[in-house]
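By my numbering, the letter at position 145 of the sequence shown is numbered 146, and the numbering carries on one by one without gaps.
Ideal placement from N, C-alpha and C gives every residue a C-beta, glycine not left out.
The structure presented is a predicted model; accordingly, all values stated were derived computationally and were not measured.
Have a look at the structure below, then the notes.
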Amino acid sequence: MKINLTANIEKILDNYLNLLPIVKMETPNTKQCDPLNLDPYVDNGEAEEILVQDILSCFPYGMSPFVIDKWLSKLSIGGKIIIIEEDINILLNEYTCGRLNNEQVNERLFGKLEGLTKSSCVSMFNIADFLQNKGLKILKKKIDNTIVVVEAQRT
């Protein structure tokens, strides 16, 4: 089973079970779900892939380890977790170098995602370290502008 956790309706994917905190109309592959409780949709150790897009920053600061642990419990041996999120370090570097203005930074830091509000900033390199310390193998760290993709595999 492949899970796509996102707060952005534009990031719905075919061949995934798309779980969103707010859904206007559910379909067979798009469901409303509390991102902290995946139990109704996936058993522990069942997910072959969990894709997390733009949702980690919707949790209060400091909750990332707790939230990621909940998701990791659903991951099968050999399964992958892919987390895609704006990185605070890169974002602030772009701002201090003048490549982003106040409006752009504020939109990225505090923008709304389908009824949710971003409530924290994430260092994706710290997230990668966290995953590695949990025993996952880091397969990829990719930077695209201020967005960082971290892909890790449970061994």
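CB contact flag (residue i, residue j, <8 Å)
i, j, result
"G80", "A129", "no"
"D35", "E86", "no"
"L76", "I51", "yes"
"K143", "A153", "no"
"S65", "L57", "yes"
"I89", "S124", "yes"
"V10", "L18", "According to the sequence displayed, residue 10 carries Ile and not Val. No, these two residues do not count as a Cβ contact at 8 Å."
"I69", "F131", "yes"
Span of the alpha helix (DSSP H), counted from its first residue to its last, around residue i
i, result
"K71", "S65 to L73"
"D130", "M125 to N134"
Residue i - DSSP class collapsed to helix/strand/coil
i, result
"L52", "strand"
"S58", "helix"
"N16", "coil"
For residue j and residue i, believed in contact at Cβ under 8 Å, the rounded distance
i, j, result
"V150", "I82", "With 8 Å as the limit, V150 and I82 do not qualify as a contact, their Cβ atoms being about 11 Å apart."
Residue i, enclosing beta strand (DSSP E) - first and last residue
i, result
"L200", "In the structure as shown, the chain starts at 2 and stops at 156, and residue 200 therefore has no counterpart that could be examined."
"L6", "K3 to T7"
"I85", "L76 to E87"
Fill in: Any 3 or more C-beta pairs closer than 8 Å across the segment 2 to 16 and the segment 38 to 45
Touching, yes.
Practice prompt. Inspect the CB distances between the segment 19 to 33 and the segment 90 to 104 and report whether three or more fall short of 8 Å.
Written response: no
Worksheet item: Is the segment 54 to 70 touching the segment 118 to 125, taking contact as three or more C-beta pairs under 8 Å?
Response: These segments touch.
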